[in-house]
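2 protein chains.
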Amino acid sequence: MGNTNENTELKIIEAARKVFILKGMDGARMQEIADEAGINKALLHYYFRSKTKLFDRVFLELFSEVVAVINAEVEKASTLEQLIESLVSNYIQLISEKPFVPDFVLHELNRNPEMIIEYIQHKGLDLNKVFRLFQDETLNHVTYPISPVHLIVDVLALCVFPFVAKPIIKGFMLEDDELKYKKFIAERVSHVTGFIKSTLFINPQQS
Amino acid sequence: MGNTNENTELKIIEAARKVFILKGMDGARMQEIADEAGINKALLHYYFRSKTKLFDRVFLELFSEVVAVINAEVEKASTLEQLIESLVSNYIQLISEKPFVPDFVLHELNRNPEMIIEYIQHKGLDLNKVFRLFQDETLNHVTYPISPVHLIVDVLALCVFPFVAKPIIKGFMLEDDELKYKKFIAERVSHVTGFIKSTLFINPQQS
DNA sequence: GTCTATAACCGGATAGAC
DNA sequence: GTCTATCCGGTTATAGAC
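Residue numbers (our numbering), protein chains in the order written: chain A, 1 to 207; chain B, 1 to 207.
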């Protein structure tokens, strides 16, 4: 028992995630979430008292997931080069499967920046490991000295931006060709990896 | 004659721009725009028939402006290196003054990607000049061969992302320090320029 | 052109039956 | 736990006076 309601709760969260990601907090309608979940509005309010509470739940889960993936990569890595390679590859892969998540997360975070504070307090972003990898390799003259924060932002930017800016990139490509865009994204992993490594490491592969 | 109403129309557009940028299409309220413009709701509908029409006007103007700046830089440039230097510098400068515009434009464009089609048809993005600069320099062995579209996306990503992701970047920096963020942005121009040039050009300045 | 007042509608939330 | 019916506030849009 409790099976039925847990299923319903899950159905609601899933539906809410879908609708919120697509429409944003302001654009989303409780009716649409209810329809998507195959139930009615009243039940939404029975499980989650308000639209805001439902949204907060969905957003926090999603944001945690996004950060968790990064943290996991950082955890695994033992050198900076290896971190960059696996992070770029896996992150682009991940976003490809949920291409609207970045715009959603970034937009809602700008709409309400306080949300991140609450989050950081009980999860933390912990970049210390990255800083350490950095320091080691700089001291050993493996990498040129660069600000770690700038590099982290660079990596995220190069990975995430192509998805947030999809309409513009398709604008660059004459003919509105979805396949061309997909091809572009597929090229990104190796392009970004190469791009960063050529800046960062002494003696990059070179003709 | 015509003066009063043109002033009113301008006041409305200005107010609408402000509110739409901050709240987005869905979050914006006609009442708030009216208040901001110092008039009442009815007058909004007198000048622009609907919220949608007002939004479209504002968005298109804003988007045109953003693209125009890029086009102007491309127009002026005679070498790729020079283009990158002035584009990065001026674009980051421009966004610094209107830091919420990128999130607004990207979000609304994702909400309604068809908008860009309409735009491109009567303005165009014309990347041919960039392609030409590229080809020249690659042939003359000034730059390593890289896909032009990827590079354009890289430049935009490195410039724009730090603004869209402001809350996250502030999350990286323990202590919620606005000044620290400002400093970070100020460093960006030289960082991004150096980053790209080191990848792109043969014999970059090096110790 | 600009205002006040109001229509018409929509969407989040609640009451209460089952 | 789930439903139908309904409330109520807010929001876009219009009517009509000035």
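By construction, the Cβ of each residue, glycine as well, lies at the ideal position given by its N, Cα and C atoms.
Only a predicted model underlies this, so the values are computations on that prediction, with no experimental measurement involved.
When rounded, the separation of the alpha-carbon atoms in Leu106 of chain A and Ile169 of chain B is 11 Å. A straight line joining the alpha-carbon of Glu108 of chain A with that of Leu22 of chain B spans about 12 Å. Beta-bridge pairing by DSSP links Phe201 of chain A to A:Thr143. In the three-state scheme derived from DSSP, where H, G and I count as helix and E and B as strand, Glu175 of chain A is classed as coil. Here the C-alpha atom of Ala186 of chain A lies approximately 9 Å from the C-alpha atom of Gln93 of chain A. The closest CA to that of Glu65 of chain A, considering only A:Arg17, A:Lys11, A:Ile39, is found on A:Arg17. CA-to-CA, the gap between Glu32 of chain A and Phe63 of chain A works out to about 22 Å. Neighbours of Thr79 of chain A in chain B, taken as residues whose beta carbon is under 8 Å from its own, are absent, since the nearest beta carbon is some 20 Å off. By the Cβ test, the region 158 to 178 of chain B is not in contact with the region 141 to 148 of chain B, since fewer than three Cβ pairs between them sit closer than 8 Å. Using a Cβ distance threshold of 9 Å, Gly27 of chain B and Asp26 of chain A count as a contacting pair. For Pro148 of chain A, the enclosing alpha helix (DSSP H) stretches over residues 148 to 164. When the five nearest sequence neighbours on each side are left out, the beta carbons in the same chain lying within less than 8 Å of the beta carbon of Ile152 of chain A are those of Leu127, Val130, in order along the chain. Around the beta carbon of Tyr46 of chain A, fewer than 16 other beta carbons sit within 10 angstroms, so the residue counts as exposed. Residue state for Ala77 of chain A is assigned as coil, using DSSP reduced to three classes. Judged by DSSP in its simplified three-state form, Phe100 of chain B adopts coil rather than helix or strand. Among the residues of the region 32 to 46 of chain A, none has a Cβ less than 9 Å away from any Cβ of chain B. Rounded to the nearest whole angstrom, the CA to CA distance from Leu54 of chain A to Phe48 of chain A is 6 Å. In this structure, the CA atom of Phe100 of chain B is about 10 Å from the CA atom of Phe20 of chain B.
Rounded to whole angstroms, the separation of the alpha carbons of Phe104 of chain B and Ala34 of chain A is 28 Å. One alpha carbon belongs to Leu158 of chain B, the other to Glu81 of chain B, and they sit about 16 Å apart.
Within the region 35 to 97 of chain A, there are no complete beta strand (DSSP E) runs of at least 3 residues. Neighbours of Ile169 of chain A across chain B, judged by C-beta separation under 8 Å: Val149, Val153. At a cut-off of 9 Å between beta-carbon atoms, Ser50 of chain A makes no contact with chain B. Along the region 158 to 183 of chain A, going in chain order, the ones with a CB nearer than 9 Å to a CB of chain B are Leu158, Cys159, Val160, Phe161, Pro162, Val164, Ala165, Lys166, Pro167, Ile168, Ile169, Lys170, Gly171, Phe172, Met173, Leu174, Asp176. Pairing Arg188 of chain A with Pro148 of chain A gives a Cβ-Cβ distance that is not under 9 Å. Look at Arg132 of chain B here: in three-state DSSP terms it is helix.
Less than 9 Å separates the beta-carbon of Glu73 of chain B from that of Leu83 of chain B. Counting C-beta atoms within 10 angstroms of its own C-beta, Gly38 of chain A has fewer than 16 neighbours from the protein chains shown and is therefore classed as exposed. The shortest CA-to-CA distance from Glu114 of chain A to any of B:Asp176, B:Gly194, B:Ile202 is the one to B:Asp176.
Against chain B, the CB of Glu187 of chain A has a partner CB under 9 Å away; the residue lies at that interface.
With respect to chain B, the C-beta atom of Asp136 of chain A has no partner C-beta closer than 9 Å. The alpha carbon of Val164 of chain B has as its nearest neighbour, out of A:Asn110, A:Ser50, A:Ser190, the alpha carbon of A:Asn110. About 5 Å separates the CB atoms of Val88 of chain B and Thr193 of chain B; that is less than 8 Å, so the two are in contact.
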